[in-house]
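Residues in the sequence shown are numbered consecutively from 33, following my numbering.
Structure first, commentary second.
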Amino acid sequence: MTTHPKRDFRRRCSAISVLKIVMKAKIISGNRHQDDRGTICFNNDFNALGIKRVYTIQNVDSNFIRGWQGHQIEQRWFSAVSGSFKIKLIEIDSWENPSKDLRVLEFILSAENLDVLHIPQGFVTSIQAIDDQSKLLVFADYELGEVQDEFRFPADYFN
């Protein structure tokens, strides 16, 4: 009996897709060079391959906290282009009914060094400007509307 190659491939892919790829949120460190001509901020370790969308976030003031919002599929990368931000991340255990006591990771991003925070799929974020007029540059690996993947939770949902 012969197997159909396409069906056999689909069966193998289904078995493989059960495995979860574990990615961790991390800072991709940037740097700066200053001389008598001025300053260059750079990030030679950030690979923008796969980026499909770019936008900025500027909170109304430093008291406002934008969160919790995240994506099960989409990845994002944050970089402060002016001022600084406190970014909190939570890896979600269940998108339908997440636990309220999940571990919170906290990162500070400053425009000083062009650091980039990678937020893998499966995380929600809370974004607070530390300085008024701060601006956050956001990169995403999906176009707007390409996937229906936006999840929001009340600001006080997680302890």
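Where a beta carbon is used, it is the ideal one built from N, C-alpha and C, also for glycine.
Of all C-beta pairs linking the region 152-168 to the region 65-74, fewer than three are shorter than 8 angstroms, placing the two stretches out of contact.
Nearest to V92 by alpha-carbon distance, out of R135, D164 and S131, is D164. With a cut-off of 8 angstroms on Cβ pairs, the region 166-178 is not in contact with the region 127-138, counting fewer than three such pairs.
Residue nearest to I105 within the set D188, Q153 and K56 is Q153 (criterion: CA-CA distance).
Along the region 53-128, the beta strand (DSSP E) occurs as fully enclosed runs of 3 or more residues at 58-60, 63-67, 70-74, 85-89, 97-103, 108-114 and 116-123, listed in sequence order.
By the criterion of a C-beta distance shorter than 6 angstroms, E138 is surrounded in its chain by K120, once the five residues flanking it on both sides are discounted. In the DSSP annotation of this structure, the continuous segment of the beta strand (DSSP E) that includes K167 starts and ends at K167 to A172.
For V148, the enclosing beta strand (DSSP E) covers residues V148 to I151. Secondary structure at S131: coil, using DSSP grouped into helix, strand and coil. Under the criterion of beta carbons closer than 8 angstroms, A80 and I151 do not qualify as touching, at roughly 15 angstroms. By the Cβ neighbour-count rule, R184 is exposed, with fewer than 16 other Cβ atoms within 10 Å of its own.
If you look at V179, you'll find it isn't in any beta strand (DSSP E); DSSP assigns it neither H nor E. Around the beta-carbon of H65, fewer than 16 other beta-carbon atoms lie within 10 Å, marking it exposed.
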